[in-house]
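Beneath this line is the structure, given in structure tokens, with notes to follow.
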Amino acid sequence: MADTILKFDNVTFRYEGDDAVLPPAVENLSLEIKKGEFVAVLGHNGSGKSTVAKLSNGLIVPESGDVYVLGMNTKNENDDLKIKQTVGVVFQNPDNQIVATIVEEDVAFGPENLGVEPAEIRRRVDESLKIVGMYKYRLHEPHKLSGGQKQRVAIAGIIAMQPQCIVFDEPTAMLDPEGRRDVMNAMKRLNRELGITVVFITHYMEEACEAERIIVMDDSRLVLDGTPMEIFADVNYIRSLGLDVPQTSALAQMLKDDGIKITGDTLSVDGLVNSLAKILDRG
Amino acid sequence: MLKDITIGQYFPLNSVIHRLDPRVKLLYTFVFIIFIVVSNNFVSLAFCVACALAVTFISRVPLKTVIRGLRPILLVIIVTSLLQIIYVKTGVPLISFWKIKITSGGILEAVFITLRISFLIVMSTMLTYTTSPTSMTNGLDRAFSPLTKLGIDFNIVTMIMTIALRFIPTLIEEVDKIISAQKSRGADFESGNIFKRAKMLIPLFVPLLFNSSRRAYELAYAMTCRCYNGGKGKTTMNLLKYKTNDWIATFLTVVFVLGVILLNIKFGEYNAQFTFNAAV
Chain U
155 MADTILKFDN VTFRYEGDDA VLPPAVENLS LEIKKGEFVA VLGHNGSGKS
205 TVAKLSNGLI VPESGDVYVL GMNTKNENDD LKIKQTVGVV FQNPDNQIVA
255 TIVEEDVAFG PENLGVEPAE IRRRVDESLK IVGMYKYRLH EPHKLSGGQK
305 QRVAIAGIIA MQPQCIVFDE PTAMLDPEGR RDVMNAMKRL NRELGITVVF
355 ITHYMEEACE AERIIVMDDS RLVLDGTPME IFADVNYIRS LGLDVPQTSA
405 LAQMLKDDGI KITGDTLSVD GLVNSLAKIL DRG
Chain F
99 MLKDITIGQY FPLNSVIHRL DPRVKLLYTF VFIIFIVVSN NFVSLAFCVA
149 CALAVTFISR VPLKTVIRGL RPILLVIIVT SLLQIIYVKT GVPLISFWKI
199 KITSGGILEA VFITLRISFL IVMSTMLTYT TSPTSMTNGL DRAFSPLTKL
249 GIDFNIVTMI MTIALRFIPT LIEEVDKIIS AQKSRGADFE SGNIFKRAKM
299 LIPLFVPLLF NSSRRAYELA YAMTCRCYNG GKGKTTMNLL KYKTNDWIAT
349 FLTVVFVLGV ILLNIKFGEY NAQFTFNAAV
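Read top to bottom, the protein sequences are chains U and F. With the first letter of the first sequence counted as 1, position 149 gets the number 303 in our numbering; the numbers rise by one all the way through. With the first letter of the second sequence counted as 1, position 264 gets the number 362 in our numbering; the numbers rise by one all the way through.
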């Protein structure tokens, strides 16, 4: 248990409607995220995946069940600051996350609130901006940056608080392909070089495939949990959830449907080529 | 197009005045305003004007820009001057027609008032020209931080100012988008009488308000994630420190204050009759 950073224990949550009782946004969700993992949460719109982000550091608390961050229950208000410092959340729209009028002052916002010493804030701000590759823009005004740059500033703002885990709620949804790639790379660096646990919510299949583990949500529930290879083994099921499948998996499935027994890695392009070569060798 | 606006009146240059501590600038502008009002004769007023011009010159903000800053109060200046001309009856009568008598005293009083108001405004616009909104907010925050001890939380006020400054360009961009969206559906923002145009603002402001409240929620979440708790126990990365220039400015302000007081005493209260006679 010691290496579990985030734990959902049979969590149900529903948003408050005006009069009618709304169906739960998340229902009986149980899952565990271990330290250092790179997990993608996949699901189509309205599957409850954004609610998972908000539940993960106590922005909202479950109606029933519990969420634990390093063993601290998010319902316990005394641990509130500590929980938010441990698990940071980056949201979809970078415009609505940047508070200050200068990039470096925005990144400093978190540590300032935590009462960190000025010299240490300066060090963290510079370091965080360098990690996301935005150091040379530190004196710019945020509204003059591109979407991808703004999102990287938002990420730096979270890194500066030195969290152990960052939850990204569709951070690439509003970005152009270039911005999307930059943000993806920043997330991978955080995971590999700083050992930060990354939980990454998305509905882009290609992005999810870059994770070590994928959690699939559908209709407020967790439906699949496994490695990308395990998840995309059943192409028809994934499609029935309203999700895309990678082109490689789709091709493998078409071959299977035609009676060709294809085994091994069918997810990466190289893997699929190897698998196909084996079949061809066999004649 | 609207995206490139600069917020406030900040005129980004790198002069000595620009680099002064914002607290120093705030306080000394205030001192200047008090003493230009206190100055009671032409000599001390001239001294104030000279000081304001010196500051303008050192800041390297073009004089034209500074004068343009007076435009909004032009009407105030004209009206007050006219009132002085009509109602002040001291000095030598110059022209009289109908019920109005214009005297030399009235004209001198009008000139005096015009100079006083104009340079009061010039000096306060100098503050906004040479201080970026961010450093102004920072300065206000530090200047009013002692109030926290009295239970007045100024931190929230500066937070509101910062967020307002931060979101002005974002909202302008959004207005742009909404205008384009409504135009593409055939909305006409440019023609018609004033009532028709005012009515056209409804399809602009309703979506803007709606989106803003959604933004507000998301911003609140993002700020909570970054441990914002109303500024309790907050530290600041960029500490404001008084530098040599700030002490020089302090010294010069003291000289200015003493100058105005001495000139006021030496030349006494301005008297139109006396001044005119002396001039003749």
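Glycine residues also receive a C-beta, built at the ideal position from the N, C-alpha and C atoms.
Give the single residue among 129/F, 142/F, 292/F whose Cα lies nearest to the Cα of residue 364/F. Stepping through the second sequence from its first residue, residue 364/F is reached at position 266. Comparing Cα-Cα distances from residue 364/F to each of 129/F, 142/F, 292/F, the minimum goes to 142/F.
Going by alpha carbons, who is nearest to residue 293/U out of 214/U, 279/U, 305/U? As a first step, residue 293/U is located in the first sequence; it is residue number 139 there, counting from the start. A check of alpha carbon separations from residue 293/U across 214/U, 279/U, 305/U identifies 279/U as the nearest.
Just reading off the alpha helix (DSSP H) that residue 394/U is part of, what are its end residues? Sequence index remark: in the first sequence, residue 394/U carries index 240 (1-based). Unbroken alpha helix (DSSP H) run through residue 394/U: 389 to 394.
Per DSSP, which one or two residues make a beta bridge with residue 191/F? As a working note, residue 191/F is residue 93 in the second sequence. Looking at the DSSP assignment, residue 191/F forms a beta bridge with 201/F.
Please specify which runs of the beta strand (DSSP E), each continuous and at least 3 residues long, are wholly inside the stretch 121 to 202 of chain F, giving them in chain order. When DSSP assignments are scanned along the stretch 121 to 202 of chain F, the uninterrupted stretches of beta strand (DSSP E) that are 3 or more residues long and fall wholly within it turn out to be 191 to 195, 198 to 201.
Per DSSP, residue 227/U is paired with what? Walking along the first sequence from the start, residue 227/U turns up at place 73. Paired residues: 222/U.
Is residue 260/F closer than 8 angstroms to residue 235/F when the C-beta atoms are compared? The residue given as residue 235/F occupies position 137 in the second sequence. The residue given as residue 260/F occupies position 162 in the second sequence. In this structure, residue 235/F sits near residue 260/F, with a CB-CB distance shorter than 8 angstroms.
In this structure, how does DSSP classify residue 306/F when only helix, strand and coil are distinguished? Numbered from its first residue, the second sequence carries residue 306/F at position 208. Of the three classes helix, strand and coil, the one that applies to residue 306/F here is helix, per DSSP.
Check this for me: beta carbons of residue 269/U and residue 315/U, under 8 angstroms apart or not? To locate residue 269/U, count along the first sequence from 1; it is residue 115. To locate residue 315/U, count along the first sequence from 1; it is residue 161. Not in contact: residue 269/U and residue 315/U (Cβ atoms no closer than 8 angstroms).
Buried or exposed: where does residue 408/U fall if 16 or more other Cβ atoms within 10 Å of its Cβ makes it buried? Working through the first sequence from its first residue, we reach residue 408/U at position 254. It is exposed - the Cβ of residue 408/U has fewer than 16 other Cβ atoms within 10 Å.
Cβ pair residue 367/U, residue 183/U closer than 8 angstroms: For this step, residue 367/U is matched to residue 213 along the first sequence. For this step, residue 183/U is matched to residue 29 along the first sequence. Not closer than 8 angstroms, so no.
With distances taken from CA atoms, which of 167/F, 238/F, 213/F is nearest residue 122/F? Here the question's residue 122/F lines up with position 24 in the second sequence. Checking every option, the nearest Cα to that of residue 122/F belongs to 238/F.
Would you say residue 108/F faces chain U, with C-beta separation under 8 angstroms as the test? On the second sequence, residue 108/F is found 10 positions in, with the first residue counted as 1. Not closer than 8 angstroms to any Cβ of chain U, the Cβ of residue 108/F fails to qualify, so no.
Chain-ordered chain F contacts of residue 211/U [CB-CB under 8 angstroms]: The residue labelled residue 211/U in the question sits at position 57 within the first sequence. Going along chain F in sequence order, the residues near residue 211/U (Cβ under 8 angstroms) are 323.
Identify which residue in 127/F, 333/F, 361/F has its Cα closest to the Cα of residue 228/F. Mapped onto the second sequence, residue 228/F falls at position 130. Residue 228/F has its Cα closest to that of 127/F, out of 127/F, 333/F, 361/F.
Just to make sure I have the definition right: I need the residues of chain F whose C-beta is within less than 8 angstroms of the C-beta of residue 306/U. Which are they? Taking the first residue of the first sequence as 1, we reach residue 306/U at position 152. Neighbours of residue 306/U on chain F: none; closest Cβ ~15 angstroms, over 8 angstroms.
So, are the CB atoms of residue 402/U and residue 420/U less than 8 angstroms apart? Your numbering for residue 402/U matches position 248 in the first sequence. Your numbering for residue 420/U matches position 266 in the first sequence. Contact: yes.
Compare the C-beta of residue 97/F with all C-beta atoms of chain U and state if any pair is closer than 8 angstroms. Residue 97/F falls outside the range modelled here, since chain F spans only 99 to 378, and no answer is possible.
Return the chain-ordered list of same chain residues with a C-beta closer than 7 angstroms to the C-beta of residue 260/U, the five sequence neighbours on each side being excluded. Reading the first sequence from its first residue, position 106 is the one you call residue 260/U. Excluding residues within five positions, the ones whose Cβ falls inside 7 angstroms are 252, 253, 254, 296, 307, 311.
What three-state label does DSSP hand residue 320/F in the structure shown? For this step, residue 320/F is matched to residue 222 along the second sequence. Correct three-state label for residue 320/F: helix.
Looking at residue 218/U and residue 373/U, is the spacing between their C-beta atoms short of 8 angstroms? Here residue 373/U corresponds to residue number 219 of the first sequence, with the count starting at 1. Here residue 218/U corresponds to residue number 64 of the first sequence, with the count starting at 1. Judged by their CB atoms, residue 373/U and residue 218/U are not nearer to each other than the 8 angstroms cut-off.
If you run the structure through DSSP and keep just helix, strand and coil, what is residue 273/U? Residue mapping note: residue 273/U aligns to position 119 of the first sequence, counting from 1. Per DSSP, reduced to three states, the secondary structure at residue 273/U is helical.
Cα-Cα separation, residue 339/F to residue 257/U: Looking up residue 339/F in the second sequence gives position 241. Looking up residue 257/U in the first sequence gives position 103. A straight line joining the alpha-carbon of residue 339/F with that of residue 257/U spans about 21 angstroms.
Are the Cβ atoms of residue 356/U and residue 324/U separated by less than 8 angstroms? By one-based count along the first sequence, residue 356/U stands at place 202. By one-based count along the first sequence, residue 324/U stands at place 170. Yes.
Under 7 angstroms: does the beta carbon of residue 142/F sit that close to some heavy atom of the ligand NAD? What this structure holds is no ligand at all, so the ligand NAD is not there to describe.
Thinking just about the alpha-carbon of each residue, which of 355/F, 158/F, 332/F is nearest to the one in residue 133/F? On the second sequence, residue 133/F is found 35 positions in, with the first residue counted as 1. For the residues 355/F, 158/F, 332/F, the minimum Cα distance to residue 133/F belongs to 355/F.
Quick check on the DSSP output: what are the complete alpha helix (DSSP H) runs of length 4 or more inside the stretch 192 to 275 of chain F, in order along the chain? Unbroken alpha helix (DSSP H) stretches of 4 residues or longer found wholly inside the stretch 192 to 275 of chain F: 202 to 228, 231 to 241, given in chain order.
Residue-chain proximity (residue 433/U, chain F), Cβ-Cβ < 8 angstroms: Here residue 433/U refers to the residue found at position 279 when the first sequence is read from its first residue. By this cut-off, residue 433/U is not an interface position.
Taking three-plus beta-carbon pairs below 8 angstroms as touching, is the stretch 272 to 281 of chain F in contact with the stretch 292 to 306 of chain F? Enough Cβ pairs lie closer than 8 angstroms, so yes.
Of all Cβ atoms in chain U, is any one closer than 8 angstroms to the Cβ of residue 331/F? Mapped onto the second sequence, residue 331/F falls at position 233. Using a CB distance cut-off of 8 angstroms, residue 331/F counts as an interface residue toward chain U.
Could you tell me the distance, in whole angstroms, from the CA atom of residue 386/U to the CA atom of residue 161/U? For the purposes of this step, residue 386/U is taken as the residue at position 232 of the first sequence. For the purposes of this step, residue 161/U is taken as the residue at position 7 of the first sequence. Roughly 25 angstroms between the two C-alpha positions.
Run down chain A in chain order and give the residues with a C-beta less than 7 angstroms from the C-beta of residue 234/F. In the displayed structure, chain A is absent; the protein chains listed are U and F.
Under 7 angstroms Cβ to Cβ from residue 211/F, same chain only, skipping five residues before and after it: list those, please. For the purposes of this step, residue 211/F is identified with residue 113 of the second sequence, where counting begins at 1. Within the same chain, residue 211/F has close Cβ partners 178, 179, 182.
Could you confirm whether any beta carbon from chain F is found closer than 8 angstroms to the beta carbon of residue 315/U? The residue you call residue 315/U lines up with position 161 of the first sequence. Closer than 8 angstroms to the CB of residue 315/U there is at least one CB belonging to chain F.
Can you tell me the Cα-Cα spacing of residue 153/F and residue 268/F, whole angstroms? In the second sequence, counting from the first residue as 1, residue 153/F sits at position 55. In the second sequence, counting from the first residue as 1, residue 268/F sits at position 170. Approximately 34 angstroms, taken between the alpha carbons.
Cβ closer than 8 angstroms: which chain U residues qualify as neighbours of residue 260/F? Residue 260/F sits at position 162 when you count from the first residue of the second sequence. Taking the beta carbon of residue 260/F as reference, the chain U residues within 8 angstroms of it are 253, 254, 255, listed in sequence order.
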